[in-house]
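Colleague:
Numbering (UniProt numbering), first residue to last: 1 to 125.
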């Protein structure tokens, strides 16, 4: 349970930031009159999400060893249905990658598609 007291001027900016993280709001007692005047707050409280394309960034990470290590970061929203490995990661890296993910009935075994630079590997656990 989190209960916050914030300045009224900060409600909408905080709601806009929360919208990007797709939080799970179990209960709220914000009056409808207050919610209806703040579009981002309304979206957060109604469970909407800001669907964005997958995120990709390149940066150098400093380690104890010199020089720094170049890293490329990929991520997507938990609710996103976008297939990030075939459509984004393998195309940008143009290399074979190893991805481990918990399998369930929803995940299709489509990792052996020729030309996609992806090979299905066994679980490391």
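Beta carbons are placed, not taken as given, at the ideal position from N, Cα and C, and that holds for glycine.
Using DSSP's beta-bridge definition, name the partner residues of residue 71.
Modeller: Taking the first residue of the chain shown as 1, we reach residue 71 at position 71. 59, per the DSSP bridge assignment.
Colleague: Measuring only the C-alpha atoms, how far is residue 32 from residue 7?
Modeller: In the chain shown, counting from the first residue as 1, residue 32 sits at position 32. In the chain shown, counting from the first residue as 1, residue 7 sits at position 7. Roughly 19 angstroms separates the two Cα atoms.
Colleague: Can you give me the Cβ contacts of residue 35 inside the same chain, cut-off strictly under 7 angstroms, excluding the 5 residues immediately before and after it?
Modeller: Your numbering for residue 35 matches position 35 in the chain shown. Excluding residues within five positions, the ones whose Cβ falls inside 7 angstroms are 41, 42, 45.
Colleague: Nearest to residue 9 by CA position, among 28, 24, 67, 37, is which residue?
Modeller: Along the chain shown, one-based indexing puts residue 9 at 9. Among 28, 24, 67, 37, the Cα nearest to that of residue 9 belongs to 37.
Colleague: So is residue 75 buried or exposed if we call it buried at 16+ other beta carbons inside 10 Å?
Modeller: By 1-based counting over the chain shown, the position of residue 75 is 75. When all chains shown are included, residue 75 counts as exposed.
Colleague: In its own chain, which residues sit with a C-beta less than 8 angstroms from the C-beta of residue 28, not counting the 5 before and 5 after it?
Modeller: By 1-based counting over the chain shown, the position of residue 28 is 28. Hits under 8 angstroms: 45.
Colleague: Under DSSP, the alpha helix (DSSP H) around residue 11 begins and ends at which residues?
Modeller: To locate residue 11, count along the chain shown from 1; it is residue 11. Where residue 11 is concerned, the enclosing alpha helix (DSSP H) stretches over 11-21.
Colleague: Shortest alpha-carbon distance to residue 3 belongs to which of 58, 91, 30, 16?
Modeller: Position 3 of the chain shown, counting from 1, holds the residue named residue 3. For the residues 58, 91, 30, 16, the minimum Cα distance to residue 3 belongs to 30.
Colleague: Which residue wins for smallest C-alpha separation from residue 26, given the options 13, 16, 47, 19?
Modeller: Here residue 26 corresponds to residue number 26 of the chain shown, with the count starting at 1. Checking every option, the nearest Cα to that of residue 26 belongs to 47.
Colleague: Out of 11, 14, 17, 88, state which residue places its alpha-carbon closest to the alpha-carbon of residue 56.
Modeller: In the chain shown, counting from the first residue as 1, residue 56 sits at position 56. Looking at the Cα atoms, 88 is the closest of the given residues.
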